[in-house]
Structure formats: C-alpha cells, structure tokens
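Read in order, the letters of the sequence shown are residues 350 to 553 in this note's numbering.
The beta carbon of each residue, even a glycine, is placed where N, CA and C say it ideally should be.
All figures in this text were calculated on a predicted structure; none of them were measured in a lab.
Notes for the one structure printed next.
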Amino acid sequence: MSILIIGAGGHAKVAADILQRCGQPVRGYVDDDAALWGQTRLGLPVLGGIDTYAQHAAQSFVMGIGGNAMRRALAARVGLSVHWRQAIHPSAIIAPSTHLGVGVLVAAGAIINPDAVIGDFAIINTGASVDHDCVIGAYAHIAPGAALAGGVQVGEGTLIGIGARVIPYKRIGAWAVIGAGAVVVRHVPDSVTAMGVPARWTTE
350 MSILIIGAGG HAKVAADILQ RCGQPVRGYV DDDAALWGQT RLGLPVLGGI
400 DTYAQHAAQS FVMGIGGNAM RRALAARVGL SVHWRQAIHP SAIIAPSTHL
450 GVGVLVAAGA IINPDAVIGD FAIINTGASV DHDCVIGAYA HIAPGAALAG
500 GVQVGEGTLI GIGARVIPYK RIGAWAVIGA GAVVVRHVPD SVTAMGVPAR
550 WTTE
C-alpha cells in the first residue's frame, strides 16, 4: 500500500524517515510550493501540488505539515474520505491503553503513558513526554523535549514549545502557544502566548 506525504518541508522529511524506518512504501510528496516540484527529499520525489494527490496512485496519506493551522486547513482540503495513516517512529514508547487519533505523528524517542488521548493530526515530536491521562487536542503540537505531567489537557491547535514543562492536571486552552522552556504552573486560556518561568501571558 503506497503512501503519499502531504507537504515537502522539514516536517515532511521527519514523516518520510519514520515511514522508511518502518519499511513502508512511500510514493513521494505533494506540496504547493512549485519550486520544490521535481526535487527529492530522502530519495523521494516531490510530485506536484497538493491538489494533484489523487493522481499519484497512493492508497494512504500521511500529514507532513508542521504548522498547526496549516495542518488543519490541509486536512479539511484533502478531506477525511481518504485513508489517513499515523506515522509512529519505532523508538517511540506508547502505552497500549493510549488512544491515537487519525493522522497522528509520534517522532523518535517520544513517550506516551497510559490512558493518554492524542487527537487527530496532533504531533508528539522528538523526545517529548506525555504522561498518564493527558488529553491532547486535534492539531496540537508537543514540540521536541517538552514534558507534560499526568492529567494535563491541551486544547485544539495549541503549540507546546521546545523544552516546555507543564505540571499535573493543568488545562491549556485552544490555539495557545507555550514558549520554549516555559514552565506552566496554572491553567492557561485560549489563544494566548505564555512564556517564562513560571509562564505568564500577554493579557496580564
């Protein structure tokens, strides 16, 4: 079953590497940047624009877009009638009781502990840790090295930045940004950017 990757940037290469390590047959990439067409990434061709996806004899698709809003837009554009695959690096540690949504990517060295829920098209990036009973919203991104303690809730489309920390049972709203290295010690509302130790946001 050949796989087509949506996107051809850096995150798409991460997705391709995961699939190759898992021995999955990858047809190539599609991307709307015409300057990339005909180029190769990890030995795989960039075949054309995203709207050409149906022309490339792929049986399933992997989301290769790192930006949360763009990932949501492209998931809607391609639609849920196609077969979206997960991309799970073989070195990731995922508890059997974890629920992984459609199109999720889990990168190298990530850890997801029991009864966590990972929403559709979310990214658990390199070396990130998601502990027991966390709920990660659709299109969220837990960036490399971030660590969520047990019971944390992360809203749709939120970015938890590189190396950020969240203490147990805190709620982070939708489409928020937690800056790199921040330490979240209280609930965070929707659509704010929180930075620092402890994390504060611009409405304060």
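Alpha-carbon spacing of Met544 relative to Leu497, whole angstroms: For this step, residue 544 is matched to residue 195 along the sequence shown. For this step, residue 497 is matched to residue 148 along the sequence shown. Going by the C-alpha atoms only, they are around 16 Å apart.
One or two residues paired with Met412 in a DSSP bridge: In the sequence shown, residue 412 corresponds to position 63, counting from 1. Residue pairing by DSSP places Met412 opposite Ile355 in a beta bridge.
Sequence ranges, beta strand (DSSP E) only - wholly within the region 379-457, length at least 3: 409-412
Counted within 10 angstroms of its Cβ, other Cβ atoms place Cys483 as buried (16 or more) or exposed: Translated into the one-based positions of the sequence shown, residue 483 becomes position 134. So Cys483 counts as buried.
At least three beta-carbon pairs within less than 8 Å, the region 394-408 to the region 420-434: yes
Backbone CA spacing between Ser540 and Ala513 [nearest angstrom]: Taking the first residue of the sequence shown as position 1, residue 540 is located at position 191. Taking the first residue of the sequence shown as position 1, residue 513 is located at position 164. The C-alpha of Ser540 lies about 17 Å from the C-alpha of Ala513.
Alpha-carbon to alpha-carbon, Val375 and Ile516: Sequence index remark: in the sequence shown, residue 516 carries index 167 (1-based). Sequence index remark: in the sequence shown, residue 375 carries index 26 (1-based). Each residue's CA atom was taken as its position, placing Ile516 and Val375 some 39 Å apart.
Where Ala495 falls, given that 16 or more other Cβ within 10 Å makes a residue buried: Mapped onto the sequence shown, residue 495 falls at position 146. Counting Cβ neighbours within 10 Å, Ala495 comes out buried, since at least 16 surround it.
Pick from Arg390, Leu508, Lys519 that is closest to Met419, judged by C-alpha positions: The count along the sequence shown starts at 1 and reaches residue 419 at position 70. When only C-alpha atoms are compared, the closest one is Leu508.
Buried versus exposed call for Ser351 [16 or more other C-beta atoms within 10 Å across all chains shown]: On the sequence shown, position 2 is the one that residue 351 refers to. With fewer than 16 other Cβ atoms within 10 Å, it is exposed.
Proximal residues to Ile442 (C-beta, below 6 Å), its chain only, five neighbours per side dropped: Here residue 442 corresponds to residue number 93 of the sequence shown, with the count starting at 1. Excluding sequence neighbours, Ile442 sits near Ile460.
Nearest-angstrom Cα separation, counted from Val534 out to Val546: Counting from 1 along the sequence shown, the entry for residue 546 is found at position 197. Counting from 1 along the sequence shown, the entry for residue 534 is found at position 185. So the alpha carbons of these two residues sit roughly 9 Å apart.
Straight-line Cα distance separating Ile521 from Gly294: Because the chain in this structure spans residues 350 to 553, residue 294 falls outside the shown range and cannot be described.
Candidates Leu385, Ala436, Val532: closest to Lys519 by CA position: Taking the sequence shown and counting its residues from 1, one reaches residue 519 at position 170. It is Val532.
Identity of the residue in Gly372, Gly392, Gly397, Leu393 nearest Ala384 by Cα: Position 35 of the sequence shown holds residue 384. Minimum Cα distance to Ala384 is reached at Gly397.
N- and C-terminal bounds of the beta strand (DSSP E) containing Thr542: Taking the first residue of the sequence shown as position 1, residue 542 is located at position 193. It spans 542-544 - the beta strand (DSSP E) in which Thr542 sits, taken as one unbroken run.
7 Å CB neighbourhood of His536 in its chain, flanking five on each side removed: To locate residue 536, count along the sequence shown from 1; it is residue 187. These residues qualify, in order along the chain: Lys519, Arg520.
Per DSSP, the bridge partner or partners of Gln502: Translated into the one-based positions of the sequence shown, residue 502 becomes position 153. Answer is Val484, Arg520.
Whole-angstrom C-beta distance between Gly504 and Ala477, which should lie under 8 Å: Indexing the sequence shown from 1 puts residue 477 at position 128. Indexing the sequence shown from 1 puts residue 504 at position 155. Not quite, the Cβ-Cβ distance comes to about 17 Å (not below 8 Å), so this is no contact.
Test item: CB-CB of Ala354 and Tyr378 under 8 Å: Taking the sequence shown and counting its residues from 1, one reaches residue 354 at position 5. Taking the sequence shown and counting its residues from 1, one reaches residue 378 at position 29. The sequence shown places Ile at residue 354, rather than the Ala named in the question. It is a contact, given that the beta carbons lie within the stated cut-off.
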